[in-house]
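J.: The structure's right below; bear with me while I get my questions together.
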Amino acid sequence: MKWIPALTKRTMFTYFILLFLLYLFYVLNTCLVDERKYSFKYFSLKRHVSNYKSVSRRFAALLGFSFNGHTYMRLHKPNMVPTKRLPDALIIGVKKCGTRALLEFLRLHPDVRAAGSEVHFFDKFYHKGFEWYRDKMPPTLEGQITMEKTPSYWVTRSAPRRVYAMNPSVKLLVVVRDPVTRAISDYTQSASKRPSLPRFEDLALVNSTVNWGGVWSIVDSSWPPVRLGIYTRPLRRWLRRFPRSRILFISGERLVVDPAFEMARVQDFLGLKLVITRKTLLLQLNKGLPLSSQVGKSAHATLLRQN
Ligand SMILES: Nc1ncnc2c1ncn2[C@@H]1O[C@H](COP(=O)(O)OS(=O)(=O)O)[C@@H](OP(=O)(O)O)[C@H]1O
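Whatever position you read off the sequence shown (first residue = 1), add 9 for my numbering.
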């Protein structure tokens with residue numbers, strides 16, 4: 010009976026393997042449970058186990074899976090795939106008050122995704138429809154905020170109604186600044202493009218016939234750089250559609266002298282975790298924050314002064 014010794018050899022080999030595996034599981038388990046008893050083995054095994062885990066995690070991620078505690082879950086669940094959504098918050102104005110600085114600071118927050126440039130949907134491209142607008146937005150994950158800034162929305166008569174039609178709970182951010190410095194900033198921008206432009210005072214002031222014994226100059230409130238600084242009329246339009254609690258006013262001046270303070274207000278209003286602080290801003294600026302040179306320079310100078 011030749012098969013008996015052969016079977017015995019094979020059986021013995023199988024037993025040996027099983028015993029070895031049993032021993033291995035025992036050691037692994039004991040080490041993981043009692044770290045004091047087998048400290049050396051524990052540490053070396055732990056290293057191997059964690060290496061194995063991280064490699065498997067990366068591999069699983071490549072296949073579209075993700076670890077969540079002890080269970081696997083599909084990464085491609087609807088809320089895990091970045092999707093383009095209509096904005097949850099808008100920077101609606103005011104032109105030349107620091108809107109760009111505000112958006113650039115907000116972009117530093119990991120839970121904020123903003124459209125690359127001014128979209129002008131509610132003033133110029135409304136006829137293209139909400140699908141067109143959605144397509145202009147960056148893909149966001151669930152929990153992230155989609156944003157856009159177009160300062161001309163502030164003065165567009167139909168914008169409050171249109172924004173309301175998109176989402177009555179949208180959050181609105183308005184940067185305001187001293188109307189005189191705002192007008193000068195506005196004029197300087199135009200003058201840099203048209204050097205032949207008359208002097209600021211010639212455009213901002215008009216001679217008045219209403220006088221008390223002489224010719225008086227009064228401010229020409231119809232001149233756009235001045236008119237844009239009269240905040241009450243557009244504000245009334247926005248407040249007709251949106252409650253005050255949905256609008257946050259940000260001081261353009263304070264955004265320069267204390268950006269961290271204003272950004273804390275903004276993050277609180279948007280329901281974001283406080284990430285943009287004085288410390289993180291300074292840290293980022295020292296590293297070469299991805300801000301435009303103008304915004305970056307003024308913020309850096311301010312933060313260094315405060316330090
Ligand atoms: N960090 C920071 N904080 C606040 N404000 C800043 C900051 N950096 C720049 N600025 C000033 O913002 C002014 C431009 O405003 P806007 O970005 O709203 O201009 S625009 O409407 O988008 O063209 C423009 O004002 P003027 O320099 O007076 O023209 C910028 O200097």
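Cβ atoms here follow ideal geometry from the backbone N, Cα and C, with glycine treated the same way.
Along the chain, which unbroken stretches of the beta strand (DSSP E) at least 3 residues long are found entirely within the region 240–312?
T.: Taking only runs of at least 3 residues, the beta strand (DSSP E) segments lying wholly in the region 240–312 are 256–260.
J.: Which residues bound the beta strand (DSSP E) around Leu182?
T.: Lys180 to Val185 is the extent of the beta strand (DSSP E) around Leu182.
J.: Please tell me whether, using a cut-off of 7 angstroms, the distance from the CB of Lys105 to the nearest non-hydrogen atom of ligand 1 is below it.
T.: Yes, ligand 1 has a heavy atom inside 7 angstroms of this Cβ.
J.: So Glu151 is in the alpha helix (DSSP H); what residue range does that whole segment cover?
T.: Per DSSP, Glu151 belongs to no alpha helix (DSSP H) and is neither H nor E.
J.: Using three-state DSSP, classify Thr20 as helix, strand or coil.
T.: In this structure, Thr20 counts as helix in the three-state DSSP scheme.
J.: Strictly by DSSP, which residues pair up with Arg122?
T.: The partner list for Arg122 (beta bridge, DSSP) reads Thr155.
J.: May I have the straight-line CA-CA distance separating Phe34 from Leu28, to the nearest angstrom?
T.: The alpha-carbon atoms of Phe34 and Leu28 are separated by roughly 10 angstroms.
J.: Where DSSP assigns a beta bridge to Lys93, which residues make up the other side?
T.: Note: Lys93 sits in a beta bridge opposite Pro148.
J.: Mapping DSSP to helix, strand and coil, what is Leu27?
T.: Leu27 falls in the helix class under three-state DSSP.
J.: Just to confirm the assignment, what range does the alpha helix (DSSP H) spanning Leu115 have?
T.: Where Leu115 is concerned, the enclosing alpha helix (DSSP H) stretches over Thr108 to Leu115.
J.: Using three-state DSSP, classify Arg314 as helix, strand or coil.
T.: Looking at Arg314 - three-state DSSP - the assignment turns out to be helix.
J.: Would you call the CB atoms of Thr286 and Val184 closer than 8 angstroms?
T.: In this structure, Val184 does not lie closer than 8 angstroms to Thr286 by Cβ.
J.: Taking 6 angstroms as the limit between beta carbons, can you name the residues of its chain near Arg250, skipping five residues before and five after?
T.: Once the five neighbours on either side are set aside, the close Cβ partners of Arg250 are Pro169 and Tyr173.
J.: Find out if the Cβ-Cβ distance for the pair Leu111, Ile101 is shorter than 8 angstroms.
T.: In this structure, Ile101 does not lie closer than 8 angstroms to Leu111 by Cβ.
J.: Reducing DSSP to helix, strand and coil, say where Leu84 ends up.
T.: With a pLDDT of 42 at Leu84, under the threshold of 50, the modelled position of this residue cannot be trusted; read the value that follows with caution. Note: Leu84 maps to coil in three-state DSSP.
J.: For Thr289, which residues from the same chain have a beta carbon less than 8 angstroms from its beta carbon, with the 5 sequence-adjacent residues on both sides left out?
T.: Taken in chain order, the residues that qualify are Leu117.
J.: Please report how far the alpha carbon of Lys137 lies from the alpha carbon of Met146, in whole angstroms.
T.: Spanning the two alpha carbons is a distance of roughly 14 angstroms.
J.: Would you report the Cα separation of Asp277 and Trp225, rounded to the nearest angstrom?
T.: Answer to the nearest angstrom: the Cα atoms are 47 angstroms apart.
J.: Excluding the five sequence neighbours on either side, which residues of its own chain have a C-beta within less than 6 angstroms of the C-beta of Arg143, listed in chain order?
T.: Within the same chain, Arg143 has close Cβ partners Lys93 and Leu95.
J.: Could you tell me the distance, in whole angstroms, from the CA atom of Ala310 to the CA atom of Val266?
T.: The alpha-carbon atoms of Ala310 and Val266 are separated by roughly 9 angstroms.
J.: Which one of Leu264, Leu283 and Pro91 has the shortest CA to CA distance from Lys105?
T.: Measuring from the Cα of Lys105, the nearest candidate turns out to be Leu264.
J.: What first and last residue would you give for the beta strand (DSSP E) that runs through Leu99?
T.: Note, Leu99: beta strand (DSSP E), Ala98 to Gly102.
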